[in-house]
Amino acid sequence: MASIQNHFLTLLHFVILSLPLSHSSSIHDLLISRGLPAGLFPKDIKSYTVSESGFLEVFLEGPCLIKFDTMALYDRVVRANLTYGSLTGVEGLSQEELFLWLPVKEIIVNDPTSGLILFDIGVAHKQLSLSLFEDPPDCNSKSGFKKNGRKEKGFADQR
1346 MASIQNHFLT LLHFVILSLP LSHSSSIHDL LISRGLPAGL FPKDIKSYTV
1396 SESGFLEVFL EGPCLIKFDT MALYDRVVRA NLTYGSLTGV EGLSQEELFL
1446 WLPVKEIIVN DPTSGLILFD IGVAHKQLSL SLFEDPPDCN SKSGFKKNGR
1496 KEKGFADQR
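Written out as structure tokens, the structure is:
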């Protein structure tokens, strides 16, 4: 009987560990626990999952436009590899630079005491103050936002 019980517990443990982690706390709490600021993602997060390997998927109600130092556009789904102090291989996040929308590839906090966060936007690395990302911002999804000369799908005034 004990052997069957041990086998069942081992199997249950394996199944639980293989499932993606989801919603045990807010995405903002997760970011803080991983050495990143809470305000990297907006308040309006529908859900998120993170696997044991650190693959993070964040689901929003729709595309989201936010102003930090410049404008940032979050797609409906943002994906990245989450490790302590960094999001790498980011997909679904763009930042406006000199009237161009460039994809954010990495977000890194090397040294929290420096007060800086690094954004890799492909053609450049941009350092910003961590204080810009202390609090989760509100989404602006109701503007007639244009990216590359066209209105983005999912925005309220899109027809």
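If you're matching positions, the sequence shown starts at 1346 in this note's numbering and goes up one per residue.
Just so it is clear, CB atoms sit at the ideal spot from N, CA and C, and this is done for glycine as well.
Remember, predicted model here, so these are calculated numbers, not experimental data.
CA-to-CA distance, residue j to residue i, given in whole angstroms
{"i": "N1485", "j": "I1411", "result": "6 Å"}
{"i": "P1408", "j": "Y1419", "result": "6 Å"}
{"i": "H1373", "j": "V1423", "result": "14 Å"}
{"i": "E1406", "j": "G1460", "result": "31 Å"}
{"i": "V1435", "j": "F1413", "result": "18 Å"}
{"i": "S1371", "j": "T1394", "result": "11 Å"}
{"i": "A1469", "j": "K1391", "result": "31 Å"}
{"i": "L1473", "j": "P1482", "result": "16 Å"}
Cutoff 6 Å; reference residue i; Cβ partners in own chain excluding five residues on either side
{"i": "K1471", "result": "F1464"}
{"i": "L1438", "result": "Y1419, V1423 and V1449"}
{"i": "A1417", "result": "I1411 and Q1440"}
Close Cβ partners of residue i (< 7 Å) along its chain, the five nearest in sequence each way excluded
{"i": "T1428", "result": "G1399"}
{"i": "G1380", "result": "Y1429, G1430, V1454 and P1457"}
{"i": "L1385", "result": "L1376, I1452 and F1478"}
Residues that DSSP places opposite residue i in a beta bridge
{"i": "S1474", "result": "L1461"}
{"i": "I1390", "result": "L1405"}
Beta-carbon contacts of residue i that lie in its chain and below 8 Å, excluding the five residues immediately before and after
{"i": "P1382", "result": "L1376, V1454, I1462, L1475, F1478 and E1479"}
{"i": "I1466", "result": "Q1440, E1442, L1447, P1448, V1449 and K1450"}
(request) Pick out the complete beta strand (DSSP E) segments inside the stretch 1405–1461, 3 residues or longer, and give them in chain order. (result) 1409–1412, 1416–1428, 1431–1442, 1445–1448 and 1451–1453
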